[in-house]
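**Q** Numbering (UniProt numbering), first residue to last: 1 to 322.
Note that the Cβ used here is the ideal one computed from N, Cα and C, for glycine as well.
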C-alpha cells in the first residue's frame with residue numbers, strides 16, 4: 001500500500017512545502033500530493049501558492065517520490081487542454097513521477113477570477129469534457145472536440161512523455177465515482193471506508209462496465225486528515241486552521257476566506273476532532289492505514305495539520321516502517 005503526504009498550499013509557504021517534500025521522500029513516503037487553489041480554506045496567516053510551478057520545483061528537489069495534484073478542477077479558470085499540456089510537460093521531465101487529479105472543484109477557485117459557479121450537475125459535465133480532452137491529447141491525438149462546455153479545434157500536444165501520467169478523478173459521491181470508473185486510472189476520495197464500500201465502489205464498477213473497462217485496474221486512494229503531536233491538546237489546536245472546511249460545503253458559493261474563517265470559528269472546539277484523526281499516538285496512524293488496506297484502498301495520503309510536520313513525517317515513517 002502506498003503512503004503519501006499532502007503539501008497544503010493553504011497552510012504553508014511554497015518554500016516550506018519544498019522542505020516537507022524533501023523530508024517525506026527521505027523518510028520513505030511514496031507520494032506527495034498538493035492542493036491547486038486560488039483562495040485558501042482560511043484567512044488568518046494563510047498562504048495559497050500556485051501548484052503548477054511548485055510541482056516543477058518540487059520534482060527537481062526530489063529524486064523518486066511521485067507527485068501531483070489533489071485536486072485540479074476544470075470548471076472555468078483552467079482549460080483542459082492547458083491542464084493536459086502542463087502535466088504532460090511535467091511527466092516528460094520527471095518520467096513515472098507525475099499524476100493529475102480532476103474534480104468538480106470549489107467556488108473559491110473560480111468566483112474570485114470572475115467565473116461563474118454552476119451547480120453540481122453542470123460541473124460534473126464539465127469534468128467529463130475535461131477527462132475526454134485530456135485523455136485524447138495524452139494519447140497523442142489531434143483533437144477537435146465539441147463538448148458540453150469545453151471545446152478544442154485541431155489541438156495537439158507536441159511534447160508528450162513516453163508513458164502518459166495517471167489520470168485520477170476525485171469523488172465523494174456516486175455520480176463523480178461513476179466518472180472515475182469510465183475514465184480514470186484511480187479514484188481519490190475523502191469518505192470513510194464504509195461509505196466507500198457502500199456507495200462509491202458500486203458506482204466505479206458501473207462506470208467501468210459501461211466504458212468496457214476492468215474496475216480492478218482503477219486505483220483506490222483515500223485522503224485523510226490527521227493532526228498529530230506529543231501533547232493531545234496541541235494536536236487538537238492543529239485542527240483550527242481547517243475548521244473552515246468543516247463549516248463550508250464544497251458545493252457552496254462561498255469564496256472569500258474571511259467568510260470561510262468566520263464560519264469555521266463558530267465550530268466548538270469539542271467538535272474539532274470530527275475533522276479527521278487527532279492523536280498523540282502514531283499507532284493510531286498505523287491502524288488507520290490497516291483499516292483502509294482492509295477496505296480495498298491502494299493508497300492513503302495524509303493531510304497533516306500537525307504542529308510539527310517534520311515530527312509527523314519522522315514518527316509516522318518509523319511507525320509504518322517506511
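Starting from the C-beta of residue 236, find all residues in its chain whose C-beta is less than 8 Å away, skip the five residues before and the five after it, and write them out in chain order.
**A** Here residue 236 refers to the residue found at position 236 when the chain shown is read from its first residue. So the qualifying residues of the chain are 227, 269, 272, 273 and 278.
**Q** From 312, 302 and 43, pick the residue whose C-alpha is nearest to that of residue 108; which is it?
**A** As a first step, residue 108 must be located in the chain shown, where it is residue number 108. Closest option to residue 108, Cα to Cα, is 43.
**Q** Span of the alpha helix (DSSP H) holding residue 213?
**A** In the chain shown, residue 213 corresponds to position 213, counting from 1. First-last for residue 213: undefined, no H or E at that position.
**Q** Please list, in chain order, all residues of the same chain as residue 6 whose beta carbon is under 6 Å from its beta carbon, the five residues on each side excluded.
**A** Position 6 of the chain shown, counted from the first residue, corresponds to residue 6. If we look at residue 6 and ignore the five residues flanking it on each side, its Cβ neighbours are 33, 301 and 303.
**Q** Check residue 55 in the structure and name its three-state DSSP category.
**A** Working through the chain shown from its first residue, we reach residue 55 at position 55. Three-state DSSP puts residue 55 in a helix.
**Q** For residue 34, name the three-state secondary structure that DSSP assigns.
**A** Within the chain shown, residue 34 is the residue found at index 34, counting from 1. Looking at residue 34 - three-state DSSP - the assignment turns out to be strand.
**Q** Is the number of C-beta pairs between the region 80–95 and the region 1–20 that are closer than 8 Å three or more?
**A** No, because fewer than three Cβ pairs between the region 80–95 and the region 1–20 fall closer than 8 Å, the two stretches do not touch.
**Q** Please name the residue in 71, 154 and 77 whose C-alpha comes closest to that of residue 171.
**A** Position 171 of the chain shown, counted from the start, is the residue given in the question as residue 171. For the residues 71, 154 and 77, the minimum Cα distance to residue 171 belongs to 71.
**Q** Closer than 8 Å is the cut-off here; do at least three beta carbon pairs connect the region 152–165 with the region 282–290?
**A** No, the region 152–165 is not in contact with the region 282–290.
**Q** Can you list, in chain order, the residues of its chain with a C-beta nearer than 6 Å to that of residue 80? Leave out the 5 residues immediately preceding and following it.
**A** By 1-based counting over the chain shown, the position of residue 80 is 80. Only 74, 130, 133, 134 and 150 meet the Cβ criterion.
**Q** Do you know how far the Cα of residue 8 is from the Cα of residue 47?
**A** Within the chain shown, the letter at position 47 stands for residue 47. Within the chain shown, the letter at position 8 stands for residue 8. Near 9 Å, if we compare the C-alpha coordinates of residue 8 and residue 47.
**Q** Write down every uninterrupted run of the beta strand (DSSP E) in the region 71–107 whose length is 3 residues or greater and which is fully enclosed by it, in chain order.
**A** 98–103
**Q** What do you get for residue 115, buried or exposed, if any count of 16 or more other CB atoms within 10 angstroms of its CB means buried?
**A** Translated into positions along the chain shown, residue 115 becomes position 115. With fewer than 16 Cβ atoms within 10 Å of its Cβ, residue 115 is classed as exposed.
**Q** Does DSSP classify residue 273 as helix, strand or coil?
**A** Taking the first residue of the chain shown as 1, we reach residue 273 at position 273. Helix at residue 273.
**Q** Roughly how many angstroms lie between the CA atoms of residue 381 and residue 55, to the nearest whole one?
**A** Any property of residue 381 remains undetermined from this structure, which presents the chain solely from 1 to 322.
**Q** Beta carbon of residue 98, beta carbon of residue 160: below 9 Å?
**A** Counting from 1 along the chain shown, the entry for residue 98 is found at position 98. Counting from 1 along the chain shown, the entry for residue 160 is found at position 160. No, these two residues do not count as a Cβ contact at 9 Å.
**Q** So who's on the other strand from residue 69, going by DSSP bridges?
**A** Looking up residue 69 in the chain shown gives position 69. Per DSSP, 34.
**Q** In the DSSP output, what is residue 168 paired with across the bridge?
**A** Here residue 168 corresponds to residue number 168 of the chain shown, with the count starting at 1. In DSSP, residue 168 forms a bridge with 101 and 186.
**Q** Pull up the distance between the alpha-carbon of residue 182 and that of residue 231, whole angstroms please.
**A** The residue you call residue 182 lines up with position 182 of the chain shown. The residue you call residue 231 lines up with position 231 of the chain shown. Going by the C-alpha atoms only, they are around 45 Å apart.
**Q** Quick check: the Cα distance between residue 1 and residue 163, rounded to an integer number of angstroms?
**A** Position 1 of the chain shown, counted from the start, is the residue given in the question as residue 1. Position 163 of the chain shown, counted from the start, is the residue given in the question as residue 163. Here the alpha carbon of residue 1 sits roughly 22 Å from the alpha carbon of residue 163.
**Q** Of the choices 20, 258, 305 and 318, whose alpha-carbon is the least far from that of residue 61?
**A** Translated into the one-based positions of the chain shown, residue 61 becomes position 61. Among 20, 258, 305 and 318, the Cα nearest to that of residue 61 is on 20.
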